[in-house]
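Student:
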Ligand SMILES: [Zn+2]
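Residue numbers (the numbering used here): 7 to 333.
1. I'd like the ranges of any beta strand (DSSP E) spanning at least 3 consecutive residues and lying wholly in the segment 91-117.
2. Tell me the DSSP bridge mates of residue 173?
3. Taking 8 Å as the threshold, find out whether the segment 162-175 comes into contact with the segment 206-216 through three or more Cβ pairs.
4. Does residue 130 come out as helix, strand or coil in the three-state DSSP assignment?
5. For residue 56 versus residue 179, is the C-beta distance shorter than 9 Å?
6. For residue 96, which residues from the same chain have a beta carbon less than 8 Å from its beta carbon, with the 5 sequence-adjacent residues on both sides left out?
7. Mind checking which residues open and close the alpha helix (DSSP H) that includes residue 72?
8. Out of curiosity, what's the CA-to-CA distance linking residue 21 and residue 217?
9. Touching or not, the segment 241-254 and the segment 72-89, by the rule of three or more beta carbon pairs under 8 Å?
10. At the level of alpha carbons, what is the spacing between residue 303 and residue 229?
11. Would residue 58 and residue 30 be called neighbours here (beta carbons separated by less than 9 Å)?
12. Which same chain residues end up closer than 7 Å to residue 160 when comparing Cβ atoms and leaving out the 5 residues on each side of it in sequence?
13. Cβ of residue 331 within 9 Å of Cβ of residue 221?
14. How would you call residue 117, buried or exposed, if buried means at least 16 neighbouring beta carbons within 10 angstroms?
15. Should residue 208 go down as buried or exposed, given a rule of 16 or more other Cβ atoms within 10 Å for buried?
16. Measuring alpha carbon to alpha carbon, tell me which of 63, 254 and 164 ends up nearest residue 155.
17. Could you pull the DSSP bridge partners for residue 148 from this structure?
18. I need the straight-line Cα distance from residue 60 to residue 251, nearest angstrom please.
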């Protein structure tokens with residue numbers, strides 16, 4: 007595959023799939039495929055391309071559909087999410103395809119979906135909503151802006167994240183499982199009410215496979231998807247055994263509870279070391295970064311750095327790192 011190095015970003019080492027043959031879907035909604043085994047079992051959904059520049063999920067979904075795998079139990083739904091954004095994919099300028107009008111993963115509150123507002127993303131979300139809300143289990147496949155070890159976003163503490171952590175532990179991938187605090191700018195798909203209710207067994211997880219365009223992100227996406235489908239018994243282990251990669255099995259799990267975000271207060275922001283993410287700062291009070299005149303220190307022992315920004319360009323107000331407690 008040709009390597010393209012866009013300006014001011016990470017290299018693009020993977021090639022976006024041609025998914026035009028999947029456009030028609032079989033549900034009446036473009037790019038939504040649903041397979042009913044005819045046997046009792048859960049309704050399981052996998053989504054790729056929530057962000058149009060996060061192509062690893064689309065690669066493995068296209069592969070899965072092309073292989074012709076069908077569910078042995080229950081119902082399997084596969085959706086390519088933000089097609090309008092993905093249609094703008096340009097490896098020489100990969101940032102432009104993240105979304106069209108607004109972030110597709112901030113539009114999922116009932117209040118916003120039912121409002122009279124409109125955007126390309128809201129329009130698509132309203133079409134996908136019946137599939138999301140009838141899913142018992144959801145895997146949403148993402149990747150990250152900066153190179154970072156994969157992590158599973160299990161949702162907001164107290165809002166369904168415990169059951170998502172339990173499910174993720176069974177998958178054995180990735181090592182790092184994260185409780186987070188959500189985003190003030192809007193709800194994610196994994197935060198739909200049935201998933202966010204701790205008393206409802208329906209569960210959603212969001213995998214961040216690694217940097218958007220690294221080859222390893224595709225491997226992580228494939229393994230996570232297959233293990234998720236096997237765990238939910240939609241696909242048998244035997245059916246996909248030759249595609250499983252034991253080397254990606256996590257030896258243990260690191261469960262991290264994000265408590266706060268560090269926001270740049272100054273254009274003079276610098277980390278004390280070139281952190282890559284998921285480092286553990288052992289002692290409370292140890293320095294992490296200079297934020298203008300302030301020193302950002304570890305708020306507790308075993309502070310984990312989540313997604314530190316290594317970008318040379320940021321604005322005041324940009325989240326530079328999230329801090330989490332190792333549990
Ligand atoms: Zn994403």
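Backbone N, C-alpha and C define an ideal beta-carbon position, used for all residues, glycine too.
Here the structure is a predicted model, which means the values were calculated and not measured.
Tutor: Quick look at the numbers:
1. none
2. None, per the DSSP bridge assignment.
3. yes
4. helix
5. no
6. 102 and 103
7. 62-73
8. 14 Å
9. yes
10. 36 Å
11. no
12. 167, 170, 171, 174, 183, 184, 185 and 211
13. no
14. exposed
15. buried
16. 254
17. 214
18. 22 Å
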